[in-house]
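Chains R and L, in that order, are what the protein sequence lines are. Position one of the first sequence corresponds to residue 1 (full-length UniProt numbering), numbered consecutively onward. Position one of the second sequence corresponds to residue 1 (full-length UniProt numbering), numbered consecutively onward. By construction, the Cβ of each residue, glycine as well, lies at the ideal position given by its N, Cα and C atoms. See below for the structure under consideration.
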Amino acid sequence: MSVQPAMPKSWRLDTKPHKFCPGCGHGLVLKALGQAIDELGIQDRAVFGCDIGCSLLSWDFFNVDTIQTHHGRTTPVVTGMKRANPNLIGIAYMGDGGGYAIGSQHLVNAAARNERITVILVNNTQYGMTGGQMAPTTMPGQKTETSPYGRDPEKTGYPTQGPEMVAAITKEGAYVARGTVANLRQLKGFIKKALENQINGGGFSFVEALSTCPTNWRTNAEETWNFVEKEMTKYFKVGEIKVPGPRQEEGN
Amino acid sequence: MADKPIQGEKRVFMTGNEVVAYAAMAAKAEIMYGYPITPQNEIMHYWTRMAPKYNREFLQTEDELSAGFTTLGGVLAGRKAFTATAGPGNTLMQEPMSMAEAMRLPSVVVVQQRGGPSTATVIYSQQEVTMTTLGGNGEGLRVVYSTSTHQELFDYTIKAFNTAWKYRFPTFVLGDGYQAKMRESLTMYDPEERGIELLPAQPYMGKPGTPGVDRPPSQYRNTYNVEEELYEVLQGYFEDYAKMAPEVAEYESFGVDDSDLVVVSHGVVARACKEAVKELREAGVKVGYFRPITLRPLPEKQLREAAEKSGRFLVAESAQGQLDRLLKEALFGAKVEMIPMYKPGVGITSEEVAARVKSVMG
């Protein structure tokens, strides 16, 4: 019998293996989140909202109370819960389409109101569930089903810099970072600090996670890893962008 | 801190929007989420003035999508939450309410109808009947009360919370700009002192104990993998709805047993119809009055009886046949002539109704 790496305690074992495609980054982000929930001991207070898109597959992922909402509407649902019961730790989990396109007004306004919730947004540069269409985060020149000749920034703009935008519109006390599934230890640290910021009542906390979609990227393992590590980071800088306390060391 | 804005009974003279705010307080609503749109704004204005005094909360959201979805978040967290909207806001509200239908989340939405389509007027109409009864990508699994007076705005706003939390279908109070802005006398009261039990809200999420350790996690979804799975879930919902329908359906009528024509209307238009029919009956005209109070579900049995007895319905509404369409569906196969009196987006007076009845009856 081979030794399996330990799953986070807050994972729901009877729904594993999970439903994401092979090579998908969601499982890694949710592992980092699970570890953060375990380390902070908030499994009893956390409420998890997932969006529509691939993130919806996480609706029974954790042993944590979970609501699957509509496309783009996870931020207001979690905001509503947190406002109604501030003792809860609200986690809104979504993709780049849900957060930066159809739900961008909710993200902007929740950030501007400094809602005491944590938004975790998985950026895989396209719409995965619907079959690989162009997203706000699609890289210049990247081919998708709706940009089959490559994204032309002249016609469709440049990729959304989500964390930079959130950092610009939040007041001091907010926590904003961009992690990557290529550095899981760092990503877990960012998510943990984001949740701690909520627990401490600091303010809005937001983590974007650079992630992978070999199914729609049509990449093998090496190309997948190369894209998330080398290509995406040319445009999406990994690190903490806004912190309430002292900065975290690089690669920590 | 007092927790009740209304002690005992109180005769008041106020606008409909103010009435709704007081009624929501009296119903022990705990949090309102809202976005400004005329003519419902004063519901928020009065709510926000009273809220801190009675330990209630308010959140002004970025749009009606957010107002609806934050309301559902409040419900999930175990609070009696509600929102209010109108017109294009009601259009956006259909998305969150379709989620409420899919997940059986009790929720209360007060709609003060304005003119349509589009931005149209901020004044008045009955043009949100189709959308409020059947909106969203679903099957109309909701309850809609159409109020006619300020007293009813008070009574039915309180009742809407109980209906929503008892049956777990989204519940709408359908008013209009006239009711919202007009001042009128009514008696406000503490429902519990009148023996009306106020059903408590229960948390869906964040219940006591650690999920997976002390209890199973509460996990709610609105996405299904296969057709049969959805079909099965919906059959249960339809069964619940059919069982509920006769329990919640309400109407008001008189003179339908001995009439050759029945005037059918709802909401504020029913006031004009009621007055016209009363006067005509006093003058010996054989005309009746029927008003569904619930537009969804409709009081189908009583409607059919009234139709069969009189053989003729005059349908008066401030819309181009939105009520009429609902009636025709409920009355399919009944031998009744449907005579329209449509004034979309415009009020209807008792004199107009009386004149129309006379011209129809000759």
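- The Cβ of Q219 (chain L) sits closer than 8 Å to at least one Cβ of chain R.
- Against chain L, the CB of N114 (chain R) has no partner CB under 8 Å away; the residue lies outside that interface.
- Per DSSP, D65 (chain R) is one residue of the beta strand (DSSP E) stretching across 65-68.
- Rounded to whole angstroms, the Cβ separation of P163 (chain R) and G202 (chain R) is 16 Å, and the two are not in contact under 8 Å.
- Around A242 (chain L), no beta-carbon contact reaches into chain R at under 8 Å, the shortest distance being about 27 Å.
- In the structure shown, E128 (chain L) falls within a coil segment according to DSSP collapsed to helix, strand and coil.
- Going by beta carbons, R194 (chain L) and S253 (chain L) fall outside the 8 Å limit.
- For a cut-off of 8 Å, the C-beta gap from V19 (chain L) to H150 (chain L) is around 5 Å, short enough to register as a contact.
- T91 (chain L) carries a helical assignment under DSSP once its states are collapsed to helix, strand and coil.
- E250 (chain L) and K166 (chain L) have their alpha carbons spaced roughly 17 Å apart.
- By the 16-neighbour rule on beta-carbons within 10 angstroms, R168 (chain L) is buried.
- Counting along the chain, N124 (chain R) sits inside no beta strand (DSSP E), nor does DSSP assign it H or E at all.
- Scanning its chain for C-beta atoms nearer than 7 Å, with the 5 sequence neighbours on each side dropped, one finds around G132 (chain R) the residues Q126, T144, E145, N216, in chain order.
- The beta-carbon of P148 (chain R) is placed no less than 8 Å from the nearest beta-carbon of chain L.
- Rounded to whole angstroms, the Cβ separation of M14 (chain L) and F82 (chain L) is 19 Å, and the two are not in contact under 8 Å.
- Segment contact: the segment 229-236 of chain L against the segment 60-79 of chain R, fewer than three CB-CB distances shorter than 8 Å; contact not assigned.
- Burial is judged here by how many other beta carbons sit within 10 angstroms of a residue's own beta carbon; R79 (chain L) has at least 16 and is buried.
- Across the structure, V122 (chain L) and H18 (chain R) are spaced so that their CA atoms are roughly 50 Å apart.
- At a cut-off of 8 Å between beta carbons, H26 (chain R) makes no contact with chain L.
- Looking at the backbone, the Cα of W47 (chain L) and that of N124 (chain R) are separated by about 43 Å.
- Note on the segment 23-84 of chain R: whole alpha helix (DSSP H) runs with a minimum of 4 residues are 26-40, 74-84, in chain order.
- By the CB criterion at 8 Å, V173 (chain L) and A164 (chain L) fall outside the cutoff.
- Interface annotation, D63 (chain L): in contact with chain R, CB-CB separation under 8 Å.
- Taking C-alpha positions only, I102 (chain R) is separated from F154 (chain L) by approximately 37 Å.
- The three-state reading of DSSP puts Y237 (chain L) in helix, counting H, G and I together.
- In this structure, R304 (chain L) lies away from L326 (chain L), with their beta-carbon atoms at least 8 Å apart.
- At a Cβ-Cβ threshold of 8 Å, G177 (chain L) and P39 (chain L) count as neighbours.
- P344 (chain L) and A306 (chain L) do not touch by the CB rule: their CB atoms are close to 25 Å apart, not below 8 Å.
- Neighbourhood of G34 (chain L) in chain R, by CB distance below 7 Å: empty, with the nearest CB roughly 12 Å away.
- A Cβ of chain L is located within less than 8 Å of the beta carbon of A84 (chain R).
- With its beta carbon at least 8 Å from every one in chain L, L33 (chain R) lies outside the interface.
- Chain order gives the chain R residues near F69 (chain L) as T69, H70, R73, T74, T75, P76, V77, T79, G80, H106, where near means a beta carbon separation below 9 Å.
- For G284 (chain L), not one C-beta of chain R is nearer than 8 Å to its own C-beta.
- Against chain R, the CB of T210 (chain L) has a partner CB under 8 Å away; the residue lies at that interface.
- Q219 (chain L) is classed as buried because its beta carbon has at least 16 other beta carbons within 10 Å across all chains shown.
- Proximity of V122 (chain R) to chain L, defined by a Cβ-Cβ separation below 8 Å, is not satisfied.
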